[in-house]
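Enquirer:
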Amino acid sequence: MSAKPIATTRSATGIPTGRLAVWWLLASEVVIFGGLLGSYIMHRVGHPEWAEAAAHTQVWFGAFNTLVLLTSSFTAVLAHQAAESGQGKKAAKFLVMTMGGALTFLLVKSIEWTIEISHGYTITTNTFWSFYYTAAGLHGLHVIAGAIIMGFIAVDAWRGRELQRVELIGIYWHFVDLVWIFLFPLLYIAK
Amino acid sequence: MIETLQQASSYAADIDGLIILVAVLTGFWFFVAQGVFFWLIFRYRAKPGKKSKYVTGREQHLTRWISFPHGLVLVCDVFIIVASVNVWYDVKQRLPEADRVVRITGQQWAWTFQHPGSDGDLDTDDDVYVVDELHVEVDKTYHFHLEARDVMHSFSVPVFRLKQDAIPGRSIMGWFRPTLVGEFDVQCAEICGIGHGVMAARIFITDEAQHAAWVTQNTPNR
Amino acid sequence: MVEATAEVWHAQHEVHEHHGPQGVLKYLWSTDHKVISMQYLFTGMFMAVVGGFMAYVFRMQLAFPGSSVPGFGIVSPGEYNSLVTNHGSIMIFWVAMPVLIAAFGNFLIPLMIGADDMVFPRINRLSFQVFFISALVILGSLFVEGGGFGGAWTAYPPLSAKGVYNQTPLGATLWLIGVALEFVAFLLGGINFITTLMNARAPGMKAYDIPMVCWMIVIASILFMLSVGPLIAGAVMLLFDQTLGTGFYDPAMGGDPVLWQHLFWFFGHPEVYVVMLPAIGITIDIVATFARKKLFGYKLMLYTTVATGVLSFFVWAHHQFISGIDPRMANVFMVTTLLISVPIAELMFVIIATLYGGSIRLATPMLWALAFIAEFLIGGVTGIFLGASGADIYFHDTYFVLAHFHYTFFPIAIIGTFAALTYWFPKMFGKMMSDKLGKIHFWGTIIPFNFIFIPLFVLGMGGQHRRIYNYQHFPDLAGADFQRLRIIATVALLVMLAFQLVFFYNFIRSLLRGEKAPKNPWNANTLEWTTESPPPHGNWPPDQMPKVYRGPYEYGRPDRESDFWPQDEPA
Ligand code: HEA
Ligand code: HEA
Ligand code: CUA
Ligand SMILES: [Cu+2]
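Below is the structure:
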């Protein structure tokens with residue numbers, strides 16, 4: 009494919025097509041996580057004894073990771089601002105910082121899981137832990153995917169290309185952040 | 005065909021009545037819709053030199069042909085809802101006083117029926133366990149506890165018009181009151197693996213004397 | 103001047119075509135929406151033949167239990183379950199969805215809104231590639247050790263979750279992966295359909311100028327997108343139950359098997375409207391064209407459709423009336439279920455009313471479209487029997503349910519597809535199909551169709567349950583009169599399958615030696631008929647992209663000489 013089709017350049021609604029697409033993508037993601045968390049909450053209500061299991065999660069690791077993600081969301085905003093004003097290189101730098109946040113998050117997560125698994129809490133221990141690993145794992149996959157895509161966009165941005173995509177990955181990143189904001193209290197804190 | 009299928013429980017006739025009510029109401033609209041449909045096709049076939057009418061669908065005198073039926077369909081819905089809630093409440097929500105209690109357990113791929121023995125109580129030493137045969141007495145109200153050992157099964161007695169899924173980990177209560185003496189099929193109505201197609205059982209409905217005889221004969225002496 | 107540029111453009115376009123990757127590769131890696139549409143169409147058609155073959159095998163087994171089925175052999179109970187399960191899954195996920203939504207959506211949306219392609223051509227291609235892999239996975243799952251999955255297309259756990267229960271651990275996992283990949287493909291495709299319709303419309307095309315079929319496909323995509331999420335989450339949990347030994351659906355480990363049913367049907371019911379809406383859209387466009395009539399109430403139709411979509415999220419538990427949910431909840435879901443008859447009746451009435459005052463020409467596509475209405479009504483009203491919770495105690499999981507949904511699915515997936523295929527064939531392939539052969543095929547399909555499924559209604563009322571490979575084990579169902587009905591249904595199926603040969607003959611013959619199709623063989627208004635048949639790469643020369651001046655259904659205007667008024671014709 010050489011040039012973009014005419015269709016891509018049109019905007020009958022006035023909203024850029026890329027942004028529309030990201031919103032719809034997020035809509036479908038919201039229902040995926042909604043289904044998972046909804047299922048978890050239903051179970052949780054039916055099993056008060058899970059509070060005991062939840063007490064064994066590493067709350068401080070979770071809290072630290074919340075902080076990490078919030079910071080990375082902030083750098084994503086800065087990247088967007090830089091891209092808006094056409095500063096591709098600056099945007100790329102901020103994106104790299106955001107990716108650093110993602111990496112930190114994953115690193116902390118893996119230490120945390122190692123501790124938990126070494127204490128004997130694995131995905132098959134009981135359904136609380138199954139939900140714990142599944143929900144956090146699915147979220148972790150989103151972090152990984154987001155970071156990889158961010159890498160490609162950062163390279164493009166460095167060369168001053170496709171700057172509008174910086175905003176799109178930013179929207180996505182806020183969503184990943186938001187999901188964690190839900191996961192953290194539900195999995196770690198609720199007793 | 006539904007007439008040839010016997011009504012062997014106290015609520016079978018109610019369920020059939022509901023089905024007939026739905027059949028009449030929807031049947032009416034079905035035939036009206038199809039009638040109008042075919043009449044329009046026939047009436048407005050293309051004729052040379054005749055142009056179609058230009059109708060936007062906003063003309064009051066035409067839209068009422070749709071909006072009236074609409075209201076009426078809603079009214080029909082209300083009738084069906086009321087009738088259905090009644091039947092549903094009677095069969096599934098209410099639990100009339102029981103004369104007997106049985107326990108029904110589904111597993112791959114057989115039914116185990118636990119009948120009360122001579123003492124008339126369930127979960128005592130003299131309970132009668134029979135595989136794939138449920139023996140009940142006519143005109144007695146039964147409660148059943150429905151359980152599953154492994155996967156989902158569904159306890160279905162077509163002549164009773166009764167069906168209930170059995171879920172592993174739960175014990176589901178329900179009731180029936182046989183009204184007809186005879187021997188009928190019990191089917192498993194939920195796919196439960198390779199043997200789902202052979203998970204057949206029979207229900208034997210007998211009168212008081214015969215049932216008592218069956219119980220004494222089968223009560224284990226302990 | 104304009105002519106000249108067009109010629110230059112065509113010349114360039116030829117050159118361009120000879121430079122890309124060659125042969126099959128070019129076909130596989132094309133991002134042209136029309137090529138992708140064909141890929142979906144032919145994959146779907148192939149899968150329809152597979153699903154039809156499965157129906158043939160298990161219907162033979164039901165009619166002549168225990169005898170060897172020509173072309174398959176003896177059907178074991180496990181094979182029977184697997185055939186039924188995969189027949190249902192394939193027909194819904196690999197026939198109805200790819201053909202109605204993906205093939206026609208891909209072909210029609212850009213052409214009908216006057217765009218040169220989808221807004222994300224490469225995502226579009228990726229969507230097909232994922233879909234294609236999912237098809238290979240589901241087909242492959244039939245041949246692995248232990249055989250294909252046999253726990254029904256609804257895959258209720260614990261049966262689907264544990265290999266010891268279903269005895270097809272590999273088949274079950276592959277089935278699940280196949281279905282999940284298919285969902286991913288349609289999420290990718292859906293984003294494309296929605297954003298394309300929203301943003302890539304031709305200048306002048308306002309929301310109410312969009313042909314109904316585009317609206318329907320896009321609303322269906324939105325429904326799909328908003329309903330499938332929980333099931334994707336549920337599928338991940340099921341996959342972990344199968345492979346890692348978690349217990350999301352295992353009561354012994356604190357899980358709940360009924361959870362899956364909620365997640366499945368929360369998707370499952372909107373899903374039936376996901377496939378229904380495109381078929382209704384197709385019907386509307388064809389009926390308007392062949393009755394030479396404006397659609398009776400465009401906005402009414404659109405809003406009703408949206409209402410149906412919204413309501414469809416609140417009816418799911420009507421599949422679970424007797425599955426052990428709280429009996430009080432059944433009342434709520436019964437009410438919503440019955441209420442949905444109102445908007446759907448409206449859709450039907452509007453289409454029927456469109457015939458009023460028309461000038462109806464019964465060409466093959468029109469026959470199919472009208473047959474869709476006539477047959478779908480049967481499926482619709484029988485849904486009310488099931489929606490009435492009291493009656494569903496009896497009907498649940500009987501052949502009555504089965505006949506109900508074949509009377510909806512068959513009109514949608516088969517009749518609707520044939521309507522669309524015969525209508526847009528000239529545009530898709532640049533050739534005309536034979537009307538005579540088309541009519542033979544039509545009657546040869548419609549008449550046997552009713553002979554297959556009317557007997558199944560009767561069997562269902564007689565208490566025959568689903569997914570049972572041999573009714574001889576049930577004394578009350580083993581009677582000769584029941585068996586006669588089963589044989590009638592099977593024989594009717596054989597007749598119908600034989601008539602499909604007429605279709606394939608017509609299809610191939612028209613492709614090879616059909617009369618060349620003009621730009622606008624049906625004198626229709628919508629934009630796809632303003633370009634060549636078949637449309638070139640880019641659909642229109644870049645400097646002649648259409649502009650839109652009016653709605654799609656301006657037929658029979660009294661103030662005009664001709665009885666149609668194309669959307670792109672300046673006033
Ligand atoms: C595209 C497919 C499709 C469509 C459109 C529908 C449409 C409807 N379905 Fe169906 N259904 C299925 C596919 C479909 N269904 C499938 C696949 C299953 C089984 C799944 C499985 O278990 O494997 C199923 C099962 C199913 C059940 C569960 C049965 C059971 O397992 O126990 C129920 C119960 O309520 C139901 C109801 C309805 C209703 C009320 C409609 C309504 O939308 C119909 C509305 C239409 C009309 C009503 C006709 C037009 C109106 C009039 C002519 C006016 C007159 C009407 C009145 C007076 C009410 N369906
Ligand atoms: C779209 C959905 C769809 C379609 C079209 C069909 C078509 C058919 N179905 Fe199926 N069926 C299901 C969906 C569908 N089915 C589902 C969901 C189930 C439940 C599964 C379960 O319980 O888990 C089921 C189950 C089911 C059973 C129940 C088995 C059991 O419970 O024991 C039976 C029994 O007779 C049956 C029969 C048939 C028959 C005879 C056809 C015939 O109409 C088939 C005729 C064949 C063709 C029409 C194909 C020919 C192909 C072409 C000519 C190519 C044309 C090109 C294109 C269409 C692009 N089906
Ligand atoms: Cu037990 Cu089916
Ligand atoms: Cu439904």
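Residue numbers (this note's numbering), protein chains in the order written: chain A, 9 to 199; chain B, 5 to 226; chain C, 103 to 673. Note that the Cβ used here is the ideal one computed from N, Cα and C, for glycine as well. Please read all numbers here as calculations on a predicted model, not as lab measurements.
#1: From C/MET378 to C/GLY640, what does the alpha carbon distance come to, in whole angstroms?
#2: Determine, using beta-carbon pairs with one atom in the region 160-171 of chain A and one in the region 94-103 of chain A, whether at least three such pairs fall under 8 Å.
#3: So B/HIS139 packs on B/HIS119, CB below 8 Å; how close in whole Å?
#4: What in chain C is Cβ-close to A/GLY42, meaning under 9 Å?
#5: For ligand 2, is there any heavy atom lying closer than 6 Å to the beta carbon of C/ARG227?
#6: Counting along the chain, where does the beta strand (DSSP E) carrying B/TRP115 start and finish?
#7: How many Å lie between C/PHE423 and B/ASP211 at the Cα?
#8: Going residue by residue through the region 358-407 of chain C, where are the continuous alpha helix (DSSP H) segments of at least 4 residues, counting only ones entirely within it?
#9: What would DSSP say about B/LYS57, mapped onto helix, strand or coil?
#10: Would you give the residue range spanned by the beta strand (DSSP E) that C/SER236 belongs to?
#11: Is the closest heavy atom of ligand 3 to the C-beta of C/HIS575 under 6 Å?
#12: Is the separation between the beta-carbon of C/SER491 and that of C/MET436 shorter than 7 Å?
#13: Can you pull the chain C residues whose beta carbon is under 7 Å from the beta carbon of B/THR60, in chain order?
#14: Beta-carbon within less than 8 Å of C/LEU454's beta-carbon, same chain only, minus the 5 sequence neighbours each way: which residues are those?
#15: In the DSSP output, what is B/ALA205 paired with across the bridge?
#16: Count the other CB atoms within 10 Å of the CB of A/LYS117; is the residue buried (16 or more) or exposed (fewer)?
#17: Determine the burial state of A/THR106: buried for a count of at least 16 other Cβ atoms within 10 Å of its Cβ, exposed for fewer.
#18: Which of helix, strand or coil does DSSP assign to B/SER122?
#19: What does C/ALA217 reach in chain A if we use C-beta pairs closer than 8 Å?
#20: How would you label B/GLN221, buried or exposed, when you count the other beta carbons within 10 angstroms and need 16 or more for buried?
#21: In the DSSP assignment, find the alpha helix (DSSP H) that holds C/LEU504 and state where it starts and stops.
#22: Should C/THR519 be counted as a contact of ligand 1 given a C-beta to heavy atom distance under 6 Å?
#23: Which same chain residues end up closer than 6 Å to C/LEU341 when comparing Cβ atoms and leaving out the 5 residues on each side of it in sequence?
#24: Does A/THR132 get closer than 7 Å to chain C when you measure Cβ to Cβ?
#25: Are any of the Cβ atoms in chain A nearer than 7 Å to that of C/GLY357?
#26: Write down the C-beta distance between B/VAL161 and B/ILE207 rounded to the nearest angstrom, noting that I regard them as a contact closer than 8 Å.
#27: Nearest chain B C-beta to C/SER461 closer than 7 Å, yes or no?
#28: What are the complete alpha helix (DSSP H) segments, minimum 4 residues, inside the region 258-312 of chain C?
#29: Just to confirm my understanding: we take A/MET9, look at its own chain, exclude 5 residues before and 5 after, and list those with CB closer than 8 Å. What are they?
#30: By DSSP's criteria, B/ASP210 is part of a beta bridge. Which residues make up the other side?
#31: State the DSSP-derived secondary structure class of B/GLU101, mapped to helix, strand or coil.
#32: Taking 6 Å as the cut-off, does the CB of B/GLU194 come closer than this to any heavy atom belonging to ligand 3?
#33: In the DSSP output, which residue or residues are listed as bridge partners for B/TRP179?
#34: Closer than 8 Å by beta-carbon distance: list the chain C residues that pair up with B/MET177, in chain order.
#35: Apart from the five residues on each side of it in sequence, which residues of its chain come closer than 7 Å, Cβ to Cβ, to C/GLY399?
#36: Spatial neighbours of B/ASP189 within its chain, please: CB distance less than 7 Å, with the 5 preceding and 5 following residues excluded, ordered by chain position.
Expert: According to the data block:
#1: 30 Å
#2: yes
#3: 6 Å
#4: GLY331, PRO332, ALA335
#5: no
#6: 114-119
#7: 33 Å
#8: 359-393
#9: coil
#10: Careful: C/SER236 lies outside any beta strand (DSSP E), inside the alpha helix (DSSP H) at 223-243.
#11: no
#12: yes
#13: LYS396
#14: A quick correction: the sequence has Ile, not Leu, at residue 454 of chain C. Taken in chain order, the residues that qualify are ILE475.
#15: B/VAL190
#16: buried
#17: buried
#18: coil
#19: PRO13, ILE14, ALA15, ARG18
#20: exposed
#21: 501-511
#22: no
#23: LEU278
#24: yes
#25: yes
#26: 6 Å
#27: yes
#28: 265-268, 271-301
#29: Since pLDDT at A/MET9 reaches only 39, below the 50 mark, its modelled position is unreliable, and no value is offered.
#30: According to the sequence displayed, residue 210 of chain B carries Thr and not Asp. Answer is B/GLU141, bridged to B/THR210.
#31: coil
#32: yes
#33: B/HIS147
#34: What B/MET177 touches in chain C: nothing, since even the nearest Cβ is about 11 Å away.
#35: VAL452
#36: PRO162, ALA204, ARG206
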